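Since the structure comes first, as structure tokens, the remarks are kept for the end.
Residue numbers (this note's numbering): 7 to 734.
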């Protein structure tokens, strides 16, 4: 079913309240109007109060405080409280805060999503927690919207109760403080944003046409790390048998309308004019792919939801209603895409899939339902491709799979490029691709316009930036095959004669193109561990006395590094981890997706883990993630990890007793982020763990602190020495 006129305009009205900037202006005015009607407004002239709130809201809306910048906003709010004293109208202040909670948690998180997507009526039980951690530029970013609201109402209260000679300087000082801190953080934040590619050469002659048709499947809001953790065989086939680009960045802010506009024009938001999902002016301000294709006698179509009519109102968009159950929306989009293919046969079809983004907003990216919905959408991609093949449309065609942006913490937040929002998944399959290859290095979704133009042999849009994301057109050396070679399986052990044999027997001889060798590091065993390991065909490196798990792993990694192995995988010898799952950890390294892979028990299946152990692990993992700039870590203590050659050379374990957190921090300091994959875990049935919590805390916490400070300094030095390739 197509989106009707009512839905189109309702979506535009919704964006006034959904997007943070218009909300921070409109909501205080609604609060003042309601307070006046209910007798809760401050005594004094309403016009003065409303005008002061409006001016202050416009000033605060001018500046956003992305991510850690919200701490500066709260400092301004604390100072502003002393200047503006919003509590002098207590009924209005409490009502405004209560109204904000009601709007975000009840109306938005429950009623709106129930009516639009079929979410459960109990969604508020989860949604309030998502709002508290949300970091995007929407009204659901409580840590930004609440202080802005309180300050605006404080300005209104001061203007109503104080003479102009007193109110003016107070309001001006508070506004100046917000402006100064906002401008400071904006300049600081812009320095760390990924640079946009440079403009394409004007008048560049199109190359010969590579493809008869191009199909672009955009999985809206696809978190790349969660995608890599999911079972998505149809999408994965395109990534494996096509070419994967590993460094594709979204536009900023990473909002759907912004990113689609940049993808289809090749222009920055400043150039095409779409700066959020709220579009007061319809239509992009520059040429799009649809224009260049039309001039060449070709046709391009976009199948998506009503939001996408705002940047492209000229008839190129076939809008499907989004007022349907999450499980049904992608099926409707795929059906409409196939109808367009059959009836119109466009040279370019861009198909938006929305359900993954939608479930991320409703339930959160880290919820199991996100993966379940992604797997359902993957099945629909398989059906779509099968239909295209049956129609003969894949002959001499190119299929591109990508996301417009990722999704991060909170209510599936996206906009400020927090964890999970970047880079985005991107693969090209068919004409122009190199099967089984990858391309590393920073690229941009803006380059989709140049990519489609190159594939279809037409000029790129006039404002297009970058170069085509087409492997066959990449410079020599840019396209790399999957990694193959030798890998070393390192198994540290101390007195594990009951389990070591079964663990070694389960280690595969080959995995993901690697030939595996076995190394057991015997850390002072007094039983038959070493003999059983040798009988199983493993090489044994013996420590004369027990030196600790950290020292044992350090010895094993040193062997892998010194003997020039291409990869290394490590697991404990106690049988709690399943060695048959080694391919899960080596696969991202073979595909060059990661240099450091950690098997997460909390993403997979675990049996018999004591509640206190699970709790302390979760707390420790959250702290570890916070130390690494706020990324999400689910299992900081895992004893199942894999390393590329680069990670082997960067790994540093300065602590003999344990290694888990200090190793991850050392690699983070070298610019190597952990990728977590789901694994299974079963509590050991024999022996006992070496960990004793008092000793663990006393020995590990100081080491973690020292390693974090060292790694943080290394990252700052690397960032200071890096020169941006292009300005924004």
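Here a beta-carbon is modelled for each residue, glycine too, at the ideal position from N, C-alpha and C. Source: prediction; values computed, not measured.
A direct Cα-Cα distance of roughly 18 angstroms separates residue 55 from residue 88. Look at residue 285 here: in three-state DSSP terms it is coil, with no helix or strand label. Only buried fits residue 13, as 16 or more other CB atoms lie within 10 angstroms of its CB.
The Cβ atoms of residue 251 and residue 609 lie no closer than 7 angstroms to each other.
CA-to-CA, the gap between residue 317 and residue 263 works out to about 7 angstroms.
Here residue 413 carries a coil assignment [DSSP, helix/strand/coil]. Pairing residue 442 with residue 215 gives a Cβ-Cβ distance that is not under 7 angstroms. In its chain, beyond the 5 residues on either side, 531, 532, 533, 535, 693 have a beta carbon closer than 8 angstroms to the beta carbon of residue 501.
Per DSSP, residue 98 lies in no beta strand (DSSP E); the unbroken alpha helix (DSSP H) holding it starts and ends at 96-107.
Taken through DSSP and simplified to helix, strand or coil, residue 71 comes out as coil. Check the Cα spacing between residue 234 and each of 586, 576, 431: the tightest is with 431. Cβ atoms of residue 644 and residue 607 come within 8 angstroms of each other, at about 6 angstroms. With distances taken between CA atoms, residue 394 lies nearest to 348 out of 144, 348, 384, 539.
Look at the beta carbons and you see the segment 645-654 touching the segment 569-581: at least three pairs across the two are nearer than 8 angstroms. Annotation: the continuous alpha helix (DSSP H) that includes residue 33 extends over 26-44. For the pair residue 524 and residue 515, the Cα-to-Cα distance works out to about 9 angstroms. Along the length of the segment 154-239, whole beta strand (DSSP E) runs at least 3 residues long occupy 219-225, reported in chain order.
Straight-line measurement puts the Cα of residue 31 at about 21 angstroms from the Cα of residue 175. Bounds of the beta strand (DSSP E) holding residue 408 are 403-408. Counted as a single uninterrupted DSSP element, the alpha helix (DSSP H) harbouring residue 332 occupies residues 332-350. Using a Cβ-Cβ distance cut-off of 8 angstroms, the segment 164-173 and the segment 43-57 are in contact, since at least three pairs of beta carbons, one from each stretch, lie closer than that value. Annotation for residue 262: the continuous alpha helix (DSSP H) segment containing it runs 262-271.
Boundaries cannot be given for residue 116, as no alpha helix (DSSP H) includes it and DSSP labels it neither H nor E. Per the Cβ contact rule, the segment 14-25 is not in contact with the segment 266-277 (fewer than 3 Cβ pairs under 8 angstroms). Exclusion of the five residues before and after residue 686 leaves 584, 610, 611 as the residues of its chain whose Cβ lies within less than 6 angstroms of its Cβ. Apart from the 5 residues on each side of it in sequence, residue 123 sits with its Cβ closer than 7 angstroms to the Cβ of 331, 332, 364, 368 in its chain, given in chain order.
In the pairwise beta carbon analysis, the segment 502-512 is classified as not touching the segment 468-487: fewer than three pairs are separated by under 8 angstroms. CA-CA distance, residue 72 to residue 135, rounds to 19 angstroms. Cβ-Cβ distances below 7 angstroms link residue 266 to 314, 317, 410 in the same chain, with the five nearest sequence neighbours on each side left out; the list follows chain order.
For residue 488, there is no enclosing beta strand (DSSP E), as DSSP gives it neither H nor E. DSSP, read as helix, strand or coil, puts residue 325 in strand.
Rounded to whole angstroms, the gap between the alpha carbons of residue 80 and residue 355 is 46 angstroms. In this structure, DSSP gives residue 687 an extended state, which the three-state scheme calls strand. Remark: C-beta atoms of residue 602 and residue 547 do not approach each other more closely than 7 angstroms.
Judged by DSSP secondary structure, residue 606 falls within the beta strand (DSSP E) whose first and last residues are 602-613.
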